[in-house]
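Protein chains in written order, with the working numbering: chain A, 8 to 176; chain B, 8 to 176. C-beta: ideal position from N, C-alpha, C; glycine also. Heads up, the thing below is written out as structure tokens.
There are 2 protein chains.
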Amino acid sequence: MTGNADQTIEDFVERLGLVTQADGLPRIAGRIMGLMVIYGGPFSFTDLAEKLQISRASVSTNTRLLESLGVIERTTVPGERQDYFKIRPHPYSPLMQGYVERMRRARDMVGSTQDELPEEFGEAHERLQDLNEFYETMIDSFEKVVEKWDAKSKRSSVEKPRQPAEEPA
Amino acid sequence: MTGNADQTIEDFVERLGLVTQADGLPRIAGRIMGLMVIYGGPFSFTDLAEKLQISRASVSTNTRLLESLGVIERTTVPGERQDYFKIRPHPYSPLMQGYVERMRRARDMVGSTQDELPEEFGEAHERLQDLNEFYETMIDSFEKVVEKWDAKSKRSSVEKPRQPAEEPA
DNA sequence: TTATACGTTCAGTCAAGACTGAACGTACTA
DNA sequence: TAGTACGTTCAGTCTTGACTGAACGTATAA
Numbered sequence: 008m009t010g011n012a013d014q015t016i017e018d019f020v021e022r023l024g025l026v027t028q029a030d031g032l033p034r035i036a037g038r039i040m041g042l043m044v045i046y047g048g049p050f051s052f053t054d055l056a057e058k059l060q061i062s063r064a065s066v067s068t069n070t071r072l073l074e075s076l077g078v079i080e081r082t083t084v085p086g087e088r089q090d091y092f093k094i095r096p097h098p099y100s101p102l103m104q105g106y107v108e109r110m111r112r113a114r115d116m117v118g119s120t121q122d123e124l125p126e127e128f129g130e131a132h133e134r135l136q137d138l139n140e141f142y143e144t145m146i147d148s149f150e151k152v153v154e155k156w157d158a159k160s161k162r163s164s165v166e167k168p169r170q171p172a173e174e175p176a
Numbered sequence: 008m009t010g011n012a013d014q015t016i017e018d019f020v021e022r023l024g025l026v027t028q029a030d031g032l033p034r035i036a037g038r039i040m041g042l043m044v045i046y047g048g049p050f051s052f053t054d055l056a057e058k059l060q061i062s063r064a065s066v067s068t069n070t071r072l073l074e075s076l077g078v079i080e081r082t083t084v085p086g087e088r089q090d091y092f093k094i095r096p097h098p099y100s101p102l103m104q105g106y107v108e109r110m111r112r113a114r115d116m117v118g119s120t121q122d123e124l125p126e127e128f129g130e131a132h133e134r135l136q137d138l139n140e141f142y143e144t145m146i147d148s149f150e151k152v153v154e155k156w157d158a159k160s161k162r163s164s165v166e167k168p169r170q171p172a173e174e175p176a
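Written as structure tokens, this is what we have:
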């Protein structure tokens, strides 16, 4: 229940890195996400490099990735030169889009095989159609989850102002 | 529409390999699956090694993997020493189980972080709960797809006996 | 002007894990 | 018994891509 909070947080950040790695994203992207989930942000560019002990190059690459996915957003502070990053209000469904994209490509690939394969491959056509429909079902379902999730999270949370990130001493 | 069927098939097999690689499975597993989708099977152990130009070690490893996932099944022929493999009747939903498992583990990881993190991390707890529910939603939805798919494919296909695999000359 | 503080890019390093060849164990065959 | 035909396992190689350090371009500050 209590234990060492820092350790808990470090474990969480590290494990979320492993999770995103299994999802085909760089581990560091997951670790940045982890920090954001715990502290919300904003974090400065330098903060991220120091807290995660990673190079500025990695911060640049991975924040841009997460930004393009819609998971975090870049902000600036008047009179400051550094970029700041904070987690977006509904950050998870954009992650799903990656899955959907991959499945769409897979389905299209199957579709073009169906088009190209001569008709005499009867059973093959049956199985290809099966595979095609499988992807179709997956895609539909994914899209429904996203819809459902977005509706839910928009209902329950009105955007709140965030404090600058700082661990409790 | 017509073109070179062999080329179409080779492309399909190769691309399915890339798809499974993106899903976190070895490329060879996908190529084996691809062959099975086109020709159905059964393929002998040696067939697979020769047709895909891969080592027997890879055949062993990857057939065992696909077998454990429930995508293919190993059969034997009376009087033959070789193992044969054919695609199972409803081979795709077992693949989904891998996704579900990963998400379950992710959710559990978030859960234990919630348990361990002191209460004073108020906003962190909110966001962790959000993440937890996200995974929960995903898991539920995935399971529904699997159910739906299994019901559908069981409805439309009664298992048929297969011919031994052989490309048309 | 020069100096400094950024963020980005790119060539190179490193690590993870897919894949292979070789050695092995087992079970048939003669 | 020896010989052969398997499937599996394991140490080593190789490939892919994450990650880094260094160089760069830009903007601010003095």
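- Contact annotation for PHE50 of chain B against chain A: no contact, minimum CB-CB distance about 14 Å [criterion: below 7 Å].
- LEU59 of chain A sits close to ILE39 of chain A, with the two beta carbons spaced by under 9 Å.
- Sequence-distant partners of ALA56 of chain B (beyond 5 residues in either direction) whose C-beta falls short of 6 Å from its own C-beta, in its chain, are ARG63, VAL66.
- Listed along chain A are TYR99, TRP156, each with a C-beta nearer than 7 Å to that of PHE141 of chain B.
- In the structure shown, PHE50 of chain B falls within a strand segment according to DSSP collapsed to helix, strand and coil.
- The Cβ-Cβ distance between PHE128 of chain B and ILE94 of chain A does not fall below 9 Å.
- When CB distances to chain A are screened at a threshold of 8 Å, not a single residue of the region 71-82 of chain B falls below it.
- When B:GLY77, B:GLU80, B:ASN69 are compared, the shortest CA-CA separation from ILE35 of chain B is found for B:ASN69.
- Taking a C-beta distance under 9 Å as the contact criterion, TYR99 of chain A and PHE141 of chain B qualify as a contact pair.
- Under the Cβ criterion (8 Å, minimum of three pairs), the region 111-120 of chain A counts as touching the region 15-22 of chain B.
- Excluding sequence positions up to five before and after ASP157 of chain A, its CB lies within less than 8 Å of the CB of HIS97, SER100, all in the same chain and listed in chain order.
- Taken through DSSP and simplified to helix, strand or coil, PHE92 of chain B comes out as strand.
- In summary, the residues of the region 99-113 of chain B whose CB is separated from some CB of chain A by less than 7 Å are TYR99, ARG109, ALA113, in the order they occur in the chain.
- The beta carbon of TYR46 of chain B falls within 9 Å of a beta carbon belonging to chain A, placing the residue at that interface.
- Per DSSP, ILE79 of chain A is one residue of the beta strand (DSSP E) stretching across 79-83.
- Of all alpha-carbon atoms in B:ASP147, B:ARG22, B:ALA29, the one lying nearest the alpha-carbon of VAL152 of chain A is that of B:ASP147.
- The Cβ neighbour count for VAL84 of chain B, taken over all protein chains shown within 10 Å, is under 16; the residue is labelled exposed.
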